[in-house]
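A.B. asks: Below is one structure. I have some questions about it.
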Amino acid sequence: MFINHTYFLCFWLYFSRLFYAILPCALLIMLIFSQLFAHSQDVDVQDSTPKQEIVNSTSSLESSLNSIFLDSKNIFIENKYVFLIFIRDDCYYCRILETSIVENASINGYLSINFSSYLINISSNIKHNIPYLKLSGVSSIDMAKLYGVTALPYIVFIGLDSEEIIRVVGFPGERRLMRVLEFVNNDLWRRSNTQAERIESFLKYEEDYSLK
């Protein structure tokens with residue numbers, strides 16, 4: 367009986383240590399591949415017909431957005447990084463993101479100065495010319511497919527060489543959005559080569575910033 371208890375104790379101690387050894391790694395992998403997933407709404411890019419108008423558009427909001435975002439009929443990469451947002455009319459968190467950008471002076475001011483910002487509404491019938499991809503007459507739905515949009519809102523940062531820098535799925539919150547803008551604009555992403563590494567680097571930057 368004593369021997370059985372001893373074997374059981376050794377067995378329990380071994381797997382307890384093993385569990386706690388792999389737990390941090392497992393959590394880190396989950397965090398990295400979450401791809402900065404925040405509040406979002408799943409989307410079927412095959413169907414752009416609004417199912418429900420959750421939040422009614424207002425002329426003042428649309429007017430403010432037009433003053434921040436460039437005309438998406440022609441999407442250019444010039445001397446600024448591109449800030450690309452995919453939305454849809456019936457997307458609740460899309461409207462929250464739009465409102466946050468408009469009402470937060472720090473965010474919209476930073477965007478206006480440092481980024482070429484484009485808003486892609488997949489509910490619209492607008493055709494887009496994308497010179498850096500040598501494409502023209504691309505529908506909003508096809509553009510969403512091109513960037514692998516699976517949930518909304520969906521943010522993509524694009525570099526001067528048309529390289530995709532990092533993407534954010536969902537509404538990240540105003541504080542995190544501001545940190546992502548700084549991370550991209552200040553070229554901190556260049557320290558990493560892959561999307562996963564850049565996300566990990568951003569999370570470290572965000573953590574360090576919160577400790578200041």
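Numbering (the numbering used here), first residue to last: 367 to 578. Think of the CB as a built atom: it goes at the ideal place given N, C-alpha and C, for glycine as much as any other residue. This structure is a prediction, so every number in the text was calculated from the model and none was measured.
For Glu419, which residues from the same chain have a beta carbon less than 8 Å from its beta carbon, with the 5 sequence-adjacent residues on both sides left out?
C.D. replies: Per-residue confidence for Glu419 stands at a pLDDT of 43, beneath the threshold of 50, marking its modelled position as unreliable; no derived number is given.
A.B. asks: How would you label Ile479, buried or exposed, when you count the other beta carbons within 10 angstroms and need 16 or more for buried?
C.D. replies: exposed
A.B. asks: Roughly how many whole angstroms lie between the Cα atoms of Asn432 and Leu477?
C.D. replies: 13 Å
A.B. asks: Starting from Ile451, trace the beta strand (DSSP E) in both directions and tell me its first and last residue.
C.D. replies: Tyr447 to Ile453
A.B. asks: Return helix, strand or coil for Val550, following the three-state DSSP convention.
C.D. replies: Residue state, collapsed to three classes: helix.
A.B. asks: From Val550 to Phe523, what does the alpha carbon distance come to, in whole angstroms?
C.D. replies: 8 Å
A.B. asks: Could you spell out the range, first to last residue, of the beta strand (DSSP E) harbouring Gly475?
C.D. replies: Premise fails: Gly475 lies in the alpha helix (DSSP H), Ala471 to Asn480, not in any beta strand (DSSP E).
A.B. asks: At what residues does the alpha helix (DSSP H) containing Leu512 begin and finish?
C.D. replies: Ser506 to Leu512
A.B. asks: For the segment 514-573, list the alpha helix (DSSP H) runs that are entirely contained and at least 4 residues long, ordered along the chain.
C.D. replies: Listed in chain order, they are 540-551.
A.B. asks: Does DSSP put Tyr575 in a helix, a strand or coil?
C.D. replies: helix
A.B. asks: Would Val522 count as contacting chain C if we go by Cβ distances under 8 Å?
C.D. replies: Structure shown: chain C not included; a single protein chain is present.
A.B. asks: By Cβ distance below 7 Å, which residues in the same chain neighbour Leu436 in space, the five residues on each side in sequence not counted?
C.D. replies: Ser482, Ser483 and Tyr484
A.B. asks: Verify whether the separation of the beta carbon atoms of Ile532 and Gln561 is less than 8 Å.
C.D. replies: yes
A.B. asks: Are three or more beta carbon pairs between the segment 491-499 and the segment 459-469 nearer than 8 Å?
C.D. replies: With a cut-off of 8 Å, the segment 459-469 and the segment 491-499 do not count as touching, because too few Cβ pairs lie within range.
A.B. asks: Please list, in chain order, all residues of the same chain as Val504 whose beta carbon is under 8 Å from its beta carbon, the five residues on each side excluded.
C.D. replies: Lys493, His494, Asn495, Ile496 and Leu512
A.B. asks: In three-state terms, what does DSSP make of Ile441?
C.D. replies: coil
A.B. asks: Less than 8 Å separating the beta-carbons of Arg541 and Tyr571?
C.D. replies: Against a cut-off of 8 Å, the Cβ pair of Tyr571 and Arg541 comes out as no contact.
A.B. asks: Spatial neighbours of Gly514 within its chain, please: C-beta separation below 7 Å, excluding the five flanking residues on both sides.
C.D. replies: none
A.B. asks: Please name the residue or residues paired with Ser483 in a DSSP beta bridge.
C.D. replies: Looking at the DSSP output, Ser483 sits in a beta bridge with Phe449.
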